[in-house]
Amino acid sequence: MRLCRFDDNRLGLVQSESVLDVTPVLRRLPAYRWSFPGGDPVIAALDMLAPEIAAEAERAPARPLEAVKLRAPVANPSKIVCAPVNYLRHLEEGRADPGIHYGKQVEEIERVGLFLKANSALVGPSEGVALRHLDRRNDHEVEMVMVIGKTADRVPAKGALAHVAAFAIGLDMTIRGPEDRSLRKSVDSYAVVGPWLVTADEIANPANLALSLEVNGEMRQRANTRDLVLGLERLIELASSYYALLPGDLIFTGTPEGVGPVKPGDILTASIEGIGAMRVEIRAA
Ligand code: MN
Numbered sequence: 044m045r046l047c048r049f050d051d052n053r054l055g056l057v058q059s060e061s062v063l064d065v066t067p068v069l070r071r072l073p074a075y076r077w078s079f080p081g082g083d084p085v086i087a088a089l090d091m092l093a094p095e096i097a098a099e100a101e102r103a104p105a106r107p108l109e110a111v112k113l114r115a116p117v118a119n120p121s122k123i124v125c126a127p128v129n130y131l132r133h134l135e136e137g138r139a140d141p142g143i144h145y146g147k148q149v150e151e152i153e154r155v156g157l158f159l160k161a162n163s164a165l166v167g168p169s170e171g172v173a174l175r176h177l178d179r180r181n182d183h184e185v186e187m188v189m190v191i192g193k194t195a196d197r198v199p200a201k202g203a204l205a206h207v208a209a210f211a212i213g214l215d216m217t218i219r220g221p222e223d224r225s226l227r228k229s230v231d232s233y234a235v236v237g238p239w240l241v242t243a244d245e246i247a248n249p250a251n252l253a254l255s256l257e258v259n260g261e262m263r264q265r266a267n268t269r270d271l272v273l274g275l276e277r278l279i280e281l282a283s284s285y286y287a288l289l290p291g292d293l294i295f296t297g298t299p300e301g302v303g304p305v306k307p308g309d310i311l312t313a314s315i316e317g318i319g320a321m322r323v324e325i326r327a328a
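Residue numbers for the sequence shown follow the working numbering, beginning at 44 and rising by one.
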């Protein structure tokens, strides 16, 4: 299934160029009150909702994909976990380019570990990216994103993908500079996820997917998830050795070489094999 969140928090099933509005299935969710449970209730209930979504789709009104506003497909992750320097050639370009490393030693992921982006940075492709600190270099980073489906607490790498509900495309937008990653990468709108999520049953081998990013039609990043330094299961093992991953948590798996600056007016097109493509407009905040 390809599921999107569109317009005013509607749930959509994406089929070729249409979105089927299956929002009525959300009636099946419990009525939450303060204090809310951790994690995203739709992702937590996905197994229960899947047959309901399929049934609802039979009678759901269809909207053209290009006519809807695509939001982040996960509304309420408890955290956005990110892998830094997880492709060797990106590590090399980071070490070679002062515009990326700012005089700091770029360490291997085995030494740096993971970092978190603020949840408030999360947007969908139709919302675009609003750049801040325009005097600084603002870079694109295309990444494959895993959506956690089942709570994962101290799980071993082997079999860890069983905790993943879906995959999506992510942009880990970044202000370059000397500050901590969590500050420079948590600007509002600097975590783009979309265009929808593709459930794990539809991705035969997530560890072998081509990904790419174009800026104004020009290819900037092109790689394959097979070249990840820490693979998908190892990332889940590492993250869950520190904190429980909850349904809806997002794991940005790292960006390949070819990162570069963007400016207001640019149009990014990010694509991942088996997931799709998303168009994201860059503007000044
Ligand atoms: Mn990144």
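Every residue, glycine too, gets a C-beta built ideally from N, C-alpha and C.
Please list the terminal residues of the continuous alpha helix (DSSP H) segment that includes D90. D90 -> alpha helix (DSSP H) spans L89 to A100.
Would you please state the rounded distance, in angstroms, between the beta carbons of C125 and D215? I believe it to be under 8 angstroms. That pair is a contact at about 6 angstroms.
For A320 versus L256, is the C-beta spacing smaller than 8 angstroms? No, Cβ-Cβ distance for A320 and L256 is not below 8 angstroms.
Beta-carbon within less than 7 angstroms of L252's beta-carbon, same chain only, minus the 5 sequence neighbours each way: which residues are those? M187, N267, T268, I315, E316 and G317.
If you measure between the beta carbons of V230 and I218, is that distance less than 8 angstroms? The answer is yes: Cβ separation under 8 angstroms.
Using a threshold of 8 angstroms, state whether the C-beta atoms of A164 and Y75 are closer than that. Between A164 and Y75, the C-beta gap is not smaller than 8 angstroms, which leaves the two residues out of contact.
My parser needs the beta strand (DSSP E) runs of 3 or more residues fully inside the segment 103-155; what are they? Here the runs fully enclosed are 105-107 and 123-125.
Can you find a heavy atom of ligand 1 that lies under 7 angstroms from the Cβ of P304? No, the Cβ of P304 stays beyond 7 angstroms of every heavy atom of ligand 1.
Apply the 10 Å Cβ neighbour rule to A103 and answer buried if 16 or more other Cβ atoms are within range, or exposed otherwise. Buried: at least 16 other Cβ atoms inside 10 Å.
Would you check whether ligand 1 has a heavy atom nearer than 7 angstroms to the C-beta of A140? Just to set this straight, residue 140 is Asp in the shown sequence, not Ala. Not under cutoff, so the answer is no.
Classify R224 as helix, strand or coil using the three-state DSSP reduction. The three-state reading of DSSP puts R224 in helix, counting H, G and I together.
Do L174 and I325 have their beta-carbon atoms positioned less than 8 angstroms apart in this structure? Cβ distance < 8 angstroms, so I325 and L174 count as in contact.
I'd like the list of long-range same chain contacts for T242, defined as Cβ closer than 7 angstroms, with 5 residues on each side in sequence excluded. Cβ neighbours of T242 beyond the five flanking positions: M44, A208 and A209.
In its own chain, which residues sit with a C-beta less than 7 angstroms from the C-beta of A282, not counting the 5 before and 5 after it? If we look at A282 and ignore the five residues flanking it on each side, its Cβ neighbours are V124, L157, L288 and I294.
In angstroms with no decimal places, state the Cα-to-Cα distance between D309 and G303. Their backbone Cα atoms lie some 12 angstroms apart in a straight line.
Residues bridged to L159 by DSSP? As DSSP reads the structure, L159 sits in a beta bridge with V124.
Length of the line joining the Cα atoms of V65 and A100: Those two C-alpha atoms are separated by around 6 angstroms.
Assuming G55 and V111 are in contact, meaning their beta carbons sit under 8 angstroms apart, how far apart are those beta carbons, in whole angstroms? Their Cβ separation, rounded to whole angstroms, is 7 angstroms, which keeps G55 and V111 in contact under 8 angstroms.
Proximity test, F295 beta-carbon vs ligand 1 heavy atom, cut-off 7 angstroms: Yes, since a heavy atom of ligand 1 falls inside the 7 angstroms radius drawn around the Cβ of F295.
Report all residues from its chain with a CB closer than 6 angstroms to the CB of R265; omit the five preceding and five following residues, and keep chain order. So the list reads S255, once near-sequence residues are dropped.
Bridge partner(s) assigned by DSSP for I310: When DSSP reads this structure, I310 sits in a beta bridge with E324.
Who are the near neighbours of A115 in its chain, counting only those whose CB is closer than 7 angstroms to its CB and skipping five residues on each side? Once the five neighbours on either side are set aside, the close Cβ partners of A115 are R48, L165, V166, G167, V236 and G237.
Between E151 and L134, which are expected to be in contact by the criterion C-beta below 8 angstroms, what is the C-beta distance as a whole number of angstroms? Confirmed, Cβ separation roughly 7 angstroms.
Could you pull the start and end residues of the beta strand (DSSP E) that I318 belongs to? Where I318 is concerned, there is no enclosing beta strand (DSSP E), given that its DSSP letter is neither H nor E.
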